[in-house]
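At the far end of the sequence shown sits residue 307, using the numbering used here, and the numbering has no gaps.
Even for Gly, the Cβ is constructed at its ideal location relative to N, Cα and C.
Let me begin by presenting the structure, written as structure tokens, before commenting on it.
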Amino acid sequence: MKKREIIFATANQDKLHEIRMILDDLGVSVISLKEAGITTEIVEDGETFEDNAIIKARTIMRETGKITLADDSGLEVDFLNKEPGVYSARYCGRDTSYRIKNRNILERMTDVPDEKRSARFVCAVALAIPAGCIPGILKETVRTVRGTMEGRIGYEEKGEHGFGYDPIFYLPEYGCYSGELLPEKKNEISHRGKALRLMKEVLEGYGL
Ligand code: ITT
């Protein structure tokens, strides 16, 4: 029997790569916005990761009538009052390279001692289910889960793996930067891995 298709509403190919690895063993087939031929611009004007994940999932679910997942994630640096937070993708301008974004954060952290360099990656994943799409679900339904990965801002950029802020995110427990982790290891310990494993349980609860 053909697996039910659900959409993952992300335009970020690096995220999608991780998501596909983590959701590999699901009973449903996960299709990307690109594969679904969707080019809708989504305005992410929520105040929290959860708000934005819901905005993305709900917008695409309403457009397609399909069960939709979305990820909103980012880096919170305690010394910078949790910046860039929900503005992580837009920090220093959306089209600015991560080389520049990362160097800007390192510069703002010059002379800040280790104990004040704490930071975390946060990932909220939202699920939006259209009314009547699953037996017993009579109203449009939204669920969210959150995963975090604690670490600190390093003193340099390191690693060839991952994407975004991974090269400046140091993991004291592992003695390396997130950008140095092999994809399997990152998925095992990351904010996204944790959130998506929780979401798998939610999906299974709906019989998906
Ligand atoms: P979509 O909204 O289409 O999913 P996006 O890149 O705009 O893609 P977000 O609004 O959630 O996604 O922004 C998240 C940003 O946070 C992302 O662009 C990265 O810069 C950063 N980020 C999130 N997860 C990360 C990770 O695992 N490693 C490094 N940086 C990450």
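Drop a sphere of 10 angstroms on the beta-carbon of residue i, count the other beta-carbons inside from all chains shown, and report buried for 16 or more, exposed for fewer.
i	result
Pro234	exposed
Ile199	exposed
Glu300	exposed
Ala313	Lying before the first or after the last residue shown, residue 313 is absent from the chain, which here runs from 100 to 307.
Lys238	exposed
Ser196	exposed
Met311	Look at the range of the chain in this structure, 100 to 307, and you will see that residue 311 is not part of it.
Met298	buried
Met100	exposed
Pro183	buried
Leu281	exposed
Look at the Cβ atom of residue i, then the Cβ atom of residue j, and state whether they are nearer than 7 angstroms.
i	j	result
Ser128	Leu115	no
Ala294	Arg216	no
Tyr276	Gly253	yes
Thr158	Ile141	yes
Leu191	Asn203	Going by the sequence as given, residue 191 is Cys instead of Leu. Yes, Cβ-Cβ distance for Cys191 and Asn203 is below 7 angstroms.
Ala218	Val185	no
Ile118	Asn201	no
Lys155	Ala108	yes
Would the C-beta of residue i count as close to ligand 3, meaning under 6 angstroms from any of its heavy atoms?
i	result
Thr163	Questions concerning ligand 3 fall outside what the structure shown contains, since the ligands it does hold are ligand 1.
By Cβ distance below 8 angstroms, which residues in the same chain neighbour residue i in space, the five residues on each side in sequence not counted?
i	result
Ile153	Gly145, Ala169, Ala225, Ala227, Val241 and Thr243
Ser187	Ser172, Gly173, Leu174, Gly263 and Tyr264
Glu162	Ile137 and Thr139
For residue i, which residues from the same chain have a beta carbon less than 6 angstroms from its beta carbon, with the 5 sequence-adjacent residues on both sides left out?
i	result
Asp76	A question about residue 76 goes unanswered here, because the residues of the chain that appear run from 100 up to 307.
Glu149	Ala223 and Thr243
Asp113	Phe262
Ile236	Ile228
Go through its chain and collect everything with a Cβ distance to residue i's Cβ below 7 angstroms, but skip five positions before and after it.
i	result
Cys232	Ile166
Lys102	Gly126, Val127 and Ser128
Phe178	Met208, Val211, Lys215 and Arg216
Met120	Pro282 and Asn286
Asn151	Glu143, Gly145, Asp171 and Val185
Glu256	Asn201, Pro266 and Ile267
Quick one: measure Cβ to Cβ for residue i and residue j, integer angstroms, because I've assumed they're closer than 8 angstroms.
i	j	result
Tyr269	Gly292	Actually they do not touch by this definition, with Cβ atoms about 18 angstroms apart.
Gly106	Ala135	For the record, residue 106 in the displayed sequence is Ile; it is not Gly. Confirmed, Cβ separation roughly 5 angstroms.
Against chain D, with Cβ distances strictly below 7 angstroms, would residue i count as a contact?
i	result
Gly263	The structure shown has no chain D; it contains just one protein chain.
Given 8 angstroms, three or more beta-carbon pairs between the stretch 279-290 and the stretch 254-268: yes
Inter-stretch contact (C-beta, 8 angstroms, three-pair minimum) for the stretch 209-229 and the stretch 154-174: With the cut-off at 8 angstroms, the stretch 209-229 and the stretch 154-174 touch.
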